[in-house]
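Every position in the sequence shown, counted from 1, becomes a number in the numbering used here once 768 is added. Positions of the beta carbon are idealized from the N, C-alpha and C atoms, including for glycine.
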Amino acid sequence: MIAQQTIQQILSRIDIIEIVGNFVRLKKRGANYLGLCPFHNEKTPSFTVSPAKEIYKCFGCGRSGNTISFLMEHEKYSYAEALRWLAARYNVEIEEKELSPELRLQQQVADSLYIINGFAQKFFSDALLDSEEGRDIGLSYLKERGFNEAIIRKFQLGYCPDGRDAFASAALAAQYNPENLRKSGLVVLRDQRLVDNYRGRIIFPVHNQTGKVIGFGARIIRSNDRAPKYINTPENEIYVKSKILYGSWLARQAIDKQDECLLVEGYTDVISLHQAGIENVVASGGTSLTIDQLRLIKKYTRHLTIIYDGDGAGIKAALRGLDMALEESLDVKLVLIPDQEDPDSYVRRLGAAAFRDFIAAGKKDFILFQLEVALKDAGDDTNKKAAVVNQVAETISRISKAEDFTKQQDYIRQSAELLRIEETGLHSLVNKFTRERIAKQENRRTAEEAAAPSLPADQASVPQDDESIGLLFRHEQNERGMIRDLLEFGLRPWDERTLVADYILAESIDLIDLIDNKRLLKILELYKNWYEQGLEPTTRNFLYHEDQELSTLAVSIMDLHYEISPNWKDHYDGKIFSSDELYKEDVLSTMGYLKLRKIKRLIEENQKDMNKSQSGEELRLQMETHQHLKELEKGLLRELGTVIVK
Ligand SMILES: [Zn+2]
């Protein structure tokens, strides 16, 4: 919890070139700096940093952001961690915000759970490797299953002695708080005494991304009908099942390097693959993927390959979470392990090299895979097939980020082919689902905003890459253009007496109903508000706005185009404005297209009215309106013809 003054102090010191320059070699190019993008592989630099705008953008992979989001993405920091890193760098002393009593208590419990887990992990490891019982029962079992001692140590596996309270009494002797011990799930209360919960089991510590132990999985050694195969830590302050990716702390670098994350079901799958030298692998714990897990994966890579057993339940569980993966712009592939095998046994049998080849050759695209399964299932049943069409359209509609546009088009084409239906039909169905979902999301967002005041900045969730303009709303480019012009050129002169902001704000009144994106509207309103109060808002006010959603949107709107194109001046010289007034052309063009759309919409509405028209008089008026609108349209088109056509 960092105090607001501290945040302001840090923000005022930020030098994006210096910070990004720590990680990327930057060369000056005109007003900007250029380097090889750290987020995707490239040979010619397309990663651009603008010191004036305090943002970066990559024209190769589309990533963009400010200094803080750079640190979050590149160093996998949280917002607060990024601020602390910057504070240390600029010698800003951090003033902590006073925690509420509940939060402080929660923090204390979390701290002691980490300490207890660390103690327990050591206890179980020692019991496995150094005690007679552990070596005889635990270690021999693990070796029988093919794990060598190096991998056992790497994953910090352990053994819980079979006695009644070997661990519990050691923990109590070490003065750990009984209440927290119970919370950790390591012990349970029986007849007024704390006894061990994992007696006689193999212990798999579960670590968070930084390698701290947050909980355990305890596996039975000899199968037994009455006892569960695994006992897992109950949900507590630090063990939150939906956010856990087993093995992520050891997989991070390998995932980064190979730009692919393999996902398996269980602990032993992860460990076996590691032992075989395949390290870019994590496990979800067998349930369907959650949005938090997907976002964690997305921090490392966009390529997710799910490896599943041949049994039907596994596939269904895998497919369930995957629609969300598409929304997160993850590229998802499925690999099916042959019947009677799991990744653990299969990699042992094939060896690492052959297993890798198998994965590479067996990868199937998730959407097409799902479609094939469903089509086979539907057979000749027309109703079922219609349901399949709907389902696939719904799925494809979730690919909604602008940079995924071609991907979506490809899916529509391939799916239409598989389904033997018209591509255009599928297209409009996909659009329908996109529209519906965006409407739903906006409603929810508005409801949430009404319900809760905005969180302080350091509590806000990780900002999402905000390219999520529905594809449907490619028009939104225009609307974004208007906001961009406002932010970038708003304070420049429009004519002798007014500024660009005066012009845009006045014109925007009639155009507001064209804007579908509520957050764009929010920026517009905020700007207007500030401007009318006599403030001079610039992009900077939005760039570091404590509402991360606004800040991300502001970054994604900003355009570095003007500085990076070397031909730019030659190209536009000699148009109606002198070269230092070219921004006016941009403003005119953006506003012109918005007006054109407005007129087109009015024409459409008028035409609908004409179809319903009852009396001749009514129709005559509508015809006149039509004529008038058409004239306006023609005039605008003429005007637009003389400025830049984008
Ligand atoms: Zn890039």
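Test item: CB-CB of residue i and residue j under 8 Å
i        : j        : result
Asp-933  : Leu-907  : no
Tyr-858  : Ile-784  : no
Lys-1366 : Asp-1278 : yes
Phe-935  : Phe-891  : yes
Arg-987  : Arg-969  : yes
Thr-1202 : Ser-1165 : yes
Val-788  : Asn-800  : no
Pro-1305 : Tyr-1312 : no
Tyr-998  : Tyr-1014 : no
Ala-1322 : Ile-1291 : yes
Ala-848  : Glu-1005 : no
Leu-1098 : Arg-1070 : yes
Gln-1043 : Ile-919  : yes
Pro-1106 : Ile-1075 : no
Leu-867  : Ile-770  : no
Leu-1041 : Val-1049 : yes
Ser-1168 : Glu-1095 : yes
Thr-1073 : Leu-1030 : yes
Residue i, buried or exposed, once every other Cβ within 10 Å from all chains shown has been counted against 16
i        : result
Ala-1093 : buried
Asn-948  : buried
Ser-991  : exposed
Arg-831  : buried
Asp-1145 : exposed
Asp-1172 : buried
Arg-1020 : buried
Gly-886  : exposed
Pro-813  : buried
Lys-811  : exposed
Ala-1155 : exposed
Arg-1252 : buried
Glu-822  : buried
Gln-1316 : buried
Ala-1274 : exposed
Asp-1341 : With a pLDDT of 42 at Asp-1341, under the threshold of 50, the predicted position of this residue should be treated as unreliable, though the coordinate-derived value follows. The residue is exposed, with fewer than 16 neighbouring Cβ atoms inside 10 Å.
Ala-1122 : exposed
Ser-780  : exposed
Ala-856  : exposed
Pro-869  : exposed
Lys-825  : buried
Ile-1280 : exposed
Gln-1138 : buried
Ala-895  : buried
Lys-1152 : exposed
Gln-772  : exposed
Phe-1241 : With a pLDDT of 41 at Phe-1241, under the threshold of 50, the predicted position of this residue should be treated as unreliable, though the coordinate-derived value follows. The residue is buried, with at least 16 neighbouring Cβ atoms inside 10 Å.
Lys-1368 : exposed
Ser-730  : Outside the displayed span of the chain (769 to 1414) sits residue 730, for which this structure offers no information.
Gln-1395 : exposed
Gly-833  : buried
Contact with chain C by residue i, beta-carbon distance below 8 Å
i        : result
Gln-1182 : The question asks about chain C, but that chain is absent: this structure has only one protein chain.
Closest Cα partner of residue i within the set the options
i        : options                                   : result
Leu-1404 : Arg-1369, Ile-1075 and Ser-1357           : Ser-1357
Asp-964  : Arg-950, Glu-1317 and Phe-1257            : Arg-950
Pro-1002 : Gly-983, Ile-989 and Asp-1263             : Gly-983
Thr-718  : Glu-1190, Val-1141 and Phe-1134           : With the chain covering 769 to 1414 only, the question about residue 718 has no answer from this structure.
Val-1438 : Lys-1175, Asp-1178, Thr-1073 and Glu-1185 : In the structure as shown, the chain starts at 769 and stops at 1414, and residue 1438 therefore has no counterpart that could be examined.
Phe-923  : Asn-1199, Glu-1247, Glu-1047 and Gln-1245 : Glu-1047
Val-1032 : Leu-1018, Gln-1043, Lys-1025 and Ala-1051 : Ala-1051
Ile-1039 : Leu-897, Asn-916 and Ser-880              : Asn-916
Arg-797  : Asp-898, Leu-1139, Pro-819 and Thr-835    : Pro-819
Gly-829  : Leu-1139, Arg-1117 and Phe-807            : First, the residue type needs correcting, since residue 829 is Cys and not Gly in the sequence shown. Answer by Cα proximity: Phe-807.
Glu-912  : Arg-1116, Glu-1373 and Leu-1062           : Arg-1116
Pro-1067 : Ala-1120, Asn-1246, Ser-1056 and Tyr-845  : Residue identity check: residue 1067 is Lys in the sequence provided, not Pro. Checked all of Ala-1120, Asn-1246, Ser-1056 and Tyr-845; the closest Cα to Lys-1067 is Tyr-845.
Lys-980  : Asp-993, Pro-996, Leu-1018 and Leu-954    : Leu-1018
Arg-1308 : Ile-782, Thr-1150 and Gln-773             : Ile-782
Asp-1027 : Gln-889, Gln-1108 and Asn-809             : Asn-809
Asp-898  : Ser-880, Leu-881 and Leu-925              : Leu-925
beta-carbon residue i near ligand 3 non-hydrogen atom, thresh 7 Å
i        : result
Asp-1112 : Although ligand 3 was asked about, the structure shown includes only ligand 1 as ligands.
*Of all residues in the structure, which have a C-beta closer than 6 Å to any heavy atom of ligand 1, taken in chain order?*
This criterion selects Cys-805, Phe-807, His-808, Phe-815, Cys-826, Gly-828, Cys-829 and Arg-831.
*Which whole runs of the beta strand (DSSP E) in the stretch 912-974 are 3 residues long or more, in chain order?*
Qualifying beta strand (DSSP E) stretches, in chain order: 955-958 and 961-964.
*asked:* Please give me, in chain order, every unbroken run of the alpha helix (DSSP H) with length at least 4 that falls completely inside the stretch 1100-1165.
replied: 1111-1118, 1120-1130, 1134-1146 and 1150-1165
*Mind listing, in chain order, the continuous alpha helix (DSSP H) runs of no fewer than 4 residues lying wholly within the stretch 1029-1075?*
1035-1043 and 1059-1068
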